[in-house]
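Student: At position 1 of the sequence shown the residue is numbered 341 (my numbering), and the sequence of numbers has no breaks.
Quick reminder that beta carbons are idealized off the backbone N, C-alpha and C, glycines included.
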Amino acid sequence: MEHLKKKVRIVPMTHEHLDEVAALERICFSDPWSRNMLAEELDNAVSAYLVALDTEDGSVVGYAGLMVIVDEGYITNVAVRPESRRAGVAGALLDVFVDFAKGNSLAFLTLEVRASNYGAIALYGSRGFRGVGRRENYYEHPKEDAIIMTREFGDEDAGDEASNGGATEKSL
Ligand SMILES: CC(C)(COP(=O)(O)OP(=O)(O)OC[C@H]1O[C@@H](n2cnc3c(N)ncnc32)[C@H](O)[C@@H]1OP(=O)(O)O)[C@@H](O)C(=O)NCCC(=O)NCCS
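(1) Let me know the secondary structure DSSP gives Asn396 once reduced to three states.
(2) Quick check on the DSSP output: what are the complete beta strand (DSSP E) runs of length 3 or more inside the stretch 420-480, in order along the chain?
(3) Could you check whether the Cβ of Leu463 sits closer than 7 angstroms to any heavy atom belonging to ligand 1?
(4) Let me know the secondary structure DSSP gives Asp371 once reduced to three states.
(5) Quick check on Asp359: does DSSP put it in helix, strand or coil?
(6) Should Gly443 be labelled buried (16 or more other beta-carbon atoms within 10 Å of its own) or exposed?
(7) Using 8 angstroms as the threshold, is the C-beta distance between Ala362 and Ser374 below it?
(8) Beta strand (DSSP E) containing Met353: first to last residue?
(9) Identify whether Ala385 lies in helix, strand or coil by the three-state DSSP scheme.
(10) What does DSSP give as the partner residue(s) for Thr416 in the beta ladder?
(11) On the criterion of 16 or more Cβ atoms from any shown chain inside 10 Å, does Val472 qualify as buried, or is it exposed?
(12) Can you tell which of Leu390, Val453, Gly413 has its C-alpha closest to the C-alpha of Ala486?
(13) Glu484 to Ala455, Cα distance in whole Å?
(14) Identify which residue in His355, Gly431, Leu449, Gly398 has its Cα closest to the Cα of Ile415.
(15) Is the beta carbon of Val351 less than 8 angstroms from the beta carbon of Asp394?
(16) Leaving out five residues before and five after Glu412 in sequence, what residues of the same chain have Cβ atoms less than 8 angstroms from its Cβ?
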């Protein structure tokens, strides 16, 4: 995490973070997840949500969510506060999920991203995700295609970093 230019502490999301994460959703997305939707994810046994906390004031700078179905990982959300972007926060959150995927022998991590969201596409590309398909008119407000991006983990990746990155503090 040497490249991290913003000092954050990455920890599992809990109920105490819900208000701030819901506010972050409203800032970042035209179809934000509500506080209730986020709360349900905390009770979902196959979901793991992380928050990046400002080390100085403890506020939520960013967050990310992962859902694991058998050996498949689906990244559901990644968002960082506008004033804290390009400081390595989303990359650090994704690195935890990549380490988790390697440490737990997941076959792949996958996600959808708006076709026009070049920043996010660049972010995922920087973490080894590649475009593998497109879902037409997947998004609303505005209607737009989704690009499906996936990073596969072959045998060469399995167990080379036995880290669970803290994500297993939430049982999967
Ligand atoms: C996309 C988003 C999560 C990136 O968060 P971030 O903390 O700024 O990302 P990072 O600083 O970790 O970026 C890591 C790398 O990703 C790429 N990247 C990230 N944002 C980028 C941008 N806007 N333009 C180009 N490349 C970008 C760069 O390669 C960057 O490395 P660099 O800064 O050393 O060049 C953030 O812009 C955001 O919250 N956007 C709104 C919500 C959203 O679109 N989420 C994704 C939904 S699929």
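Tutor: Judging by the given coordinates:
(1) According to the sequence as given, residue 396 is Glu; it is not Asn. In this structure, Glu396 counts as coil in the three-state DSSP scheme.
(2) 448-454, 470-479
(3) yes
(4) coil
(5) helix
(6) buried
(7) yes
(8) Careful: Met353 lies outside any beta strand (DSSP E) and carries neither H nor E.
(9) coil
(10) Thr416 is not bridged to any residue.
(11) exposed
(12) Val453
(13) 7 angstroms
(14) Leu449
(15) no
(16) Leu446, Ala447, Phe448, Thr450
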